[in-house]
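Asks: Protein chains in written order, with my numbering: chain H, 498 to 739; chain U, 498 to 739. Got a structure here, written out as structure tokens. Questions coming.
This is how it looks when you write it as structure tokens:
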């Protein structure tokens with residue numbers, strides 16, 4: 498493959514100071530910078546790098562055609578998103594074919610529940626693609642709690658709050674340490690599941706880890722209505738420690 | 498608390514280019530740099546930062562009194578290590594009391610199965626301690642495979658290869674995506690467990706992720722005798738993707 502490279506660059510949890518040296522360098526030398534955002538919003542990834550993009554760089558905001566307007570299990574959701582990702586991939590391929598490198602901004606680590614994965618799967622066989630791993634939002638969350646997440650032989654389970662309650666409980670019952678992401682409107686279900694699993698007393702809610710407005714509260718004290726997208730629940734392992 | 502600060506600085510998976518901007522800056526301005534190592538070895542954390550420590554900085558190698566010579570379940574193991582960590586913490590406290598900042602080098606992310614945690618628990622109530630999160634070795638491992646680890650609502654489970662075989666199998670049977678660390682001499686047991694769980698065909702072995710000598714091989718083709726410490730097994734999730 499000739500042409501430019503598409504870089505999927507993990508920006509880490511939000512604080513630009515936690516970006517990798519490689520991400521920082523790629524960004525400060527970028528000529529094309531692409532990023533996802535919800536229509537009408539600035540985009541979280543783009544905001545992380547405010548002031549870092551060189552003058553004259555061309556920005557390519559990739560605006561989701563839909564976020565929560567169509568339910569996930571509606572077949573139209575997949576159709577609409579699939580067409581959107583294909584279109585974004587085409588645009589990026591055109592740039593690469595013209596010899597241009599493109600930095601695609603990715604919150605967190607690109608290969609860990611990231612949107613870039615949907616571009617990567619469409620680009621990897623037709624362009625040069627490089628992925629820069631990064632600090633995850635969950636690392637920032639457990640660091641914010643001031644306690645290690647895992648000790649010794651602890652098992653760590655990462656769950657999405659979108660899972661059915663019985664699945665959440667089953668996994669919670671068979672792990673030492675726990676991280677729950679995609680909290681949002683699932684917070685009440687997650688709290689019930691943690692109650693059932695007997696973990697409520699050990700659960701912490703971290704909002705905006707490594708971002709302005711970071712908060713760390715015992716989950717028992719958290720608002721049960723709705724949580725911001727950037728919320729993570731953490732239950733620390735209790736494993737072996739000398 | 499007055500005095501200096503003890504910084505537990507995550508260095509990431511091994512490539513200095515994947516270190517955070519904050520870690521890089523703390524290190525290049527350090528006056529005291531502490532790190533764990535096995536007696537007689539240079540120490541992996543110390544090697545990552547070769548050439549980055551300022552001239553005149555004072556290095557404090559903390560040499561493990563024991564690594565694999567005493568079995569983990571022997572009470573002497575805990576006693577010896579506990580005394581060692583207490584002694585290291587005392588030395589660091591003396592520096593902080595004298596107003597000195599100390600950078601403690603941590604491979605990967607300090608609060609994710611890290612040795613620094615044993616110092617942190619002894620220091621946090623008597624000195625100022627700050628932890629800098631970082632890219633984990635497992636992020637580098639799944640990035641090295643060229644495939645995302647988790648999609649949609651995938652459950653990710655992180656297991657230590659030191660667990661009993663039946664526990665490994667039970668967890669493998671109830672997850673979408675899987676990471677196994679602490680491979681070493683446990684490789685044959687891990688392969689049997691993956692066979693039992695029907696995951697062998699999807700398992701990859703990554704050695705030295707983001708370090709010189711990185712390799713990625715299907716686990717089925719890997720040496721079953723012994724693997725280096727820096728080996729990680731990855732089984733990718735297969736979740737929802739538009």
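For glycine and all other residues, C-beta sits at the position ideal for the given N, C-alpha and C. Predicted, not measured: the structure shown is a model, and the values here were computed from it.
#1: Taking the beta carbon of residue 683(U) as the centre, do at least 16 other beta carbons fall within 10 Å, making it buried, or is it exposed?
#2: Could you work out which residues of chain H lie near residue 517(U), taking near to mean beta carbons separated by less than 8 Å?
#3: Name the chain U residues whose beta carbon is nearer than 7 Å to that of residue 582(H)?
#4: Quick one: what does DSSP say residue 534(U) is sitting in, helix, strand or coil?
#5: Closer than 7 Å, Cβ to any Cβ of chain H: which residues of the region 695 to 717 of chain U, in chain order?
#6: Write down the C-beta distance between residue 500(H) and residue 596(H) rounded to the nearest angstrom, noting that I regard them as a contact closer than 8 Å.
#7: Leaving out the 5 sequence neighbours to the left and right, which residues in its chain are closer than 6 Å to residue 607(H) when beta-carbon positions are compared?
#8: Could you tell me the alpha carbon to alpha carbon distance between residue 713(H) and residue 728(H), rounded to whole angstroms?
#9: Residue 694(U): buried (16+ other C-beta within 10 angstroms of its C-beta) or exposed?
#10: Name the chain H residues whose beta carbon is nearer than 8 Å to that of residue 614(U)?
#11: Quick one: does residue 730(U) have its CB under 8 Å from some CB of chain H?
#12: Considering only DSSP beta bridges, list what residue 654(U) is partnered with.
#13: Along chain H, in chain order, which residues have C-beta atoms closer than 9 Å to that of residue 586(U)?
#14: Using only CA atoms, which one of 721(H), 622(H), 625(H) and 533(H) lies nearest to residue 578(H)?
#15: What would DSSP say about residue 565(U), mapped onto helix, strand or coil?
#16: List the residues of chain U whose Cβ lies closer than 7 Å to the Cβ of residue 657(H), in chain order.
#17: Please return the same chain residues whose Cβ sits closer than 8 Å to the Cβ of residue 697(H), not counting the five positions on each side in sequence.
#18: Would you check if the region 567 to 575 of chain U and the region 545 to 552 of chain U touch, i.e. whether three or more CB-CB distances between them fall below 8 Å?
#19: List, in chain order, every chain H residue whose beta-carbon is nearer than 8 Å to that of residue 726(U).
#20: How would you list, in chain order, the residues of chain H whose beta-carbon sits under 7 Å from the beta-carbon of residue 608(U)?
#21: Ordered along the chain, which non-local residues of its own chain (more than five positions away) have a Cβ less than 8 Å from that of residue 686(H)?
#22: Name the residue from 503(U), 515(U) and 599(U) whose alpha carbon lies nearest to the alpha carbon of residue 631(U).
Replies: By the coordinates alone:
#1: buried
#2: 509, 514, 515, 516, 517, 518 and 632
#3: 739
#4: strand
#5: none
#6: 6 Å
#7: 505, 507, 613 and 628
#8: So the alpha carbons of these two residues sit roughly 10 Å apart.
#9: buried
#10: 645, 648 and 738
#11: Not closer than 8 Å to any Cβ of chain H, the Cβ of residue 730(U) fails to qualify, so no.
#12: The partner list for residue 654(U) (beta bridge, DSSP) reads 654(H) and 675(U).
#13: The contacting residues do not exist; residue 586(U) stays about 12 Å from chain H at best.
#14: 533(H)
#15: coil
#16: Within chain U, the C-beta atoms nearer than 7 Å to that of residue 657(H) come from 650, in chain order.
#17: Around residue 697(H): 688, 691, 716 and 717.
#18: no
#19: Within 8 Å Cβ-Cβ: nothing; residue 726(U) doesn't reach chain H, min ~15 Å.
#20: Chain H residues near residue 608(U): 639, 640, 645 and 646.
#21: Apart from the 5 residues on each side of it in sequence, residue 686(H) sits with its Cβ closer than 8 Å to the Cβ of 658, 662 and 665 in its chain, given in chain order.
#22: 515(U)
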